[in-house]
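Asker: Residue numbers (the numbering used here): 527 to 737.
Quick reminder that beta carbons are idealized off the backbone N, C-alpha and C, glycines included.
Please read through the structure below; I'll follow up with questions.
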Amino acid sequence: MKLKLAIQKSGRLHDDSMRLLKECGIDVSNGVNKLKADASNFPLEVYFLRDDDIPQYVEDAVADIGFVGENVVYEKAKKVAVAHELGFGKCRLSIAVHRNEDYPGAQYLAGKKIATSYPVIVSRFLKEKGIEAEIHEISGSVEIAPGIGLADAICDLVSSGSTLFMNGLKEVETILQSQAVLIKNQGLAPEKQQLLDRLLFRIQAVKKAKN
Ligand code: PRT
Ligand code: ZN
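Right under this line is the structure:
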């Protein structure tokens with residue numbers, strides 16, 4: 527029996543995901559052009575997918591576990607369990623407005639248009655604050671929305687802040703801190719859980735060695 531792991535096919539989490547497996551002593555041939563690859567020295571099969579699809583695959587048990595950003599886990603709201611924080615892919619999901627805009631607090635957003643790729647997380651934030659605003663879902667280049675008059679504010683992932691800066695925006699609210707996490711199917715068979723425990727033991731050892 528093999529544990530099936532879904533990781534990002536290419537993108538910001540791919541290299542760190544592969545590196546973590548390597549540091550755990552698990553050899554996986556890099557399958558950038560393949561859908562899956564077998565580890566040669568651990569009962570593990572790795573699926574290479576778009577990050578957005580990983581929670582669904584894990585909920586459906588097509589994959590037993592996955593490495594994916596918390597931002598995607600919360601946005602997709604699938605029935606999966608977060609088993610471990612992986613310590614890479616750190617970023618934050620923040621609201622930003624035009625640099626010259628006065629921002630007295632979240633109430634500023636009432637009645638405004640907010641462009642984002644994270645409508646679920648943003649509407650939850652607005653609901654918690656008791657604010658009504660219009661959410662415009664767009665899939666990419668969110669940071670240009672205020673400049674072209676599509677929105678008054680945006681909500682997007684930030685790491686260094688340079689994308690916001692270059693687009694004349696300032697960060698005014700952080701609504702989620704995110705990093706890559708290990709998610710698992712909620713009904714994992716005991717044999718699979720044992721394999722996962724072996725993997726988690728190694729991941730924890732890697733983390734300790736780094737501290
Ligand atoms: O193709 P696929 O769907 O798999 O990939 P993707 O394009 O959806 O995702 P990708 O590879 O861009 O990001 C994968 C994950 O990396 C995200 O879901 C986050 O969990 C994590 N991550 C960490 C980031 C960033 N940091 C980040 N800075 N994801 C995106 N960004 C973008 C952000 O959207 C903005 O455009 O980088 C820009 C901001 O960066 P700074 O440094 O200018 O602030
Ligand atoms: Zn994606």
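(1) Cβ-heavy atom distance between N597 and the ligand PRT below 7 Å?
(2) Using a Cβ-Cβ cut-off of 7 Å (strictly less than) and excluding sequence neighbours within five positions of V684, which residues of its own chain qualify?
(3) Going by Cα to Cα distance, which pick from E601, A715, G637 is closest to V648?
(4) Run through DSSP, which three-state label would N711 get?
(5) May I ask you to report which of helix, strand or coil DSSP gives A731?
(6) Less than 7 Å separating the Cβ of D542 from some heavy atom of the ligand ZN?
(7) Compute the Euclidean distance between the alpha carbons of L531 and L708, then round it to the nearest angstrom.
(8) Is DSSP giving L561 helix, strand or coil here?
Answerer: Inspection of the coordinates gives the following:
(1) yes
(2) C617, R618, S620, L690, E697
(3) E601
(4) strand
(5) If DSSP states are grouped into helix, strand and coil, A731 belongs with the helices.
(6) no
(7) 10 Å
(8) coil
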